[in-house]
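Novice:
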Amino acid sequence: MKLPGYAILKQVTKKRVITLGEARNLFTTDFKDKRDFFALASLYTGGYVDSSWLKERCSWDTNKNSLLAEELYLMSLGLGKHNIDGMPEFTNEQDYNLEFKIYCTAKCDLFFHEQRSRRIDRIVMLSIGILVALVTAAATAYFTKTMSVTPTPAGLNSAGKLEGFVSPRNIELVEKAKTDFVEKTAKVHNNAEPSVPSDRREKAPASQ
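One rule links them: number in this note's numbering = place in the sequence shown (from 1) + 5.
Laid out in structure tokens, this is it:
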């Protein structure tokens with residue numbers, strides 16, 4: 006959507022000074038009357054633009070956009086005599102499209118400065134949001150990969166009570182411990198000297 010007021014402000018800010026004809030080319034003349042100049046008139050009454058000189062016998066200080074828009078429209082018709090329905094014949098003594106200069110005010114500069122600041126703030130906030138989302142996703146993926154979730158032990162029933170359960174690894178360790186114990190016991194038994202009670206020992210025959 007083409008906004009004539011914004012387009013005029015942008016062009017005035019860029020070039021600092023434009024003519025009435027240049028401003029006129031920034032919006033369409035759908036009605037061919039003062040209604041086409043309401044946007045430009047509102048910039049004057051709003052204090053966004055001003056001119057180095059004003060046309061005589063025109064109430065430029067009025068706050069009524071309709072009166073100012075009508076005067077701008079009549080000025081844009083160019084040099085010479087003009088007949089407009091509902092108005093007496095009038096004459097433009099000069100080509101105001103070339104002679105009438107429009108320049109921006111401090112309010113215009115402030116408007117675009119605020120627009121740029123808001124745009125920068127939106128970009129910064131969007132960048133921060135994207136960065137936080139990326140860091141959160143990366144951290145979640147890292148901790149999910151490095152930290153396993155503890156499963157429910159097979160020895161717990163639905164009520165949360167511990168049932169008899171031995172994992173295959175525990176069974177293997179127990180069997181190995183039993184085997185080592187049996188082997189050590191056998192070695193000790195084989196290396197030990199037989200012991201006989203003193204009352205059952207046979208007396209050695211006397212030497213002849």
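Note that CB positions come from ideal geometry on N, CA and C, so glycine has one too.
(1) Taking only three categories from DSSP, how would you classify F32?
(2) Among residues of its own chain, excluding the 5 on either side of L82, which ones have a beta-carbon nearer than 7 Å to its beta-carbon?
(3) L25 and Y101 - do their beta-carbons sit closer together than 7 Å?
(4) Does DSSP put D5 in a helix, in a strand, or in coil?
(5) Would you call Y147 buried or exposed, if buried means 16 or more other Cβ atoms sit within 10 Å of its Cβ?
(6) Out of Q16, F36, S132 and R124, which one is the CA nearest neighbour of V54?
(7) Measuring straight from C-alpha to C-alpha, what distance separates K150 and K20?
(8) Would you identify the three-state DSSP class for Y4, choosing helix, strand or coil?
(9) With 16 other CB atoms within 10 Å as the buried threshold, where does K39 fall?
(10) According to DSSP, is D38 helix, strand or coil?
(11) In this structure, how does DSSP classify G85 when only helix, strand and coil are distinguished?
(12) Please return the same chain residues whose Cβ sits closer than 8 Å to the Cβ of G85, not counting the five positions on each side in sequence.
(13) Under a Cβ-count criterion, where at least 16 other Cβ atoms within 10 Å of its own Cβ denotes burial, should E121 be classed as buried or exposed?
(14) Can you tell me which residues form a DSSP beta bridge with F95?
(15) What span of residues does the alpha helix (DSSP H) with T50 cover, start to end?
(16) DSSP three-state label for T141, please.
(17) Pull the bridge partners of V22 from the DSSP assignment, please.
Specialist: To lay it out plainly:
(1) coil
(2) N97
(3) yes
(4) Outside the shown range of the chain, which is 6 to 213, sits residue 5, and nothing can be said about it.
(5) exposed
(6) Q16
(7) 59 Å
(8) Absent from the model: residue 4. The displayed extent of the chain is 6 to 213, so no value can be given.
(9) buried
(10) coil
(11) strand
(12) T96 and N97
(13) Reading off the sequence shown, one finds Arg at residue 121, where the question assumed Glu. With fewer than 16 Cβ atoms within 10 Å of its Cβ, R121 is classed as exposed.
(14) H87
(15) F43 to T50
(16) helix
(17) Y108
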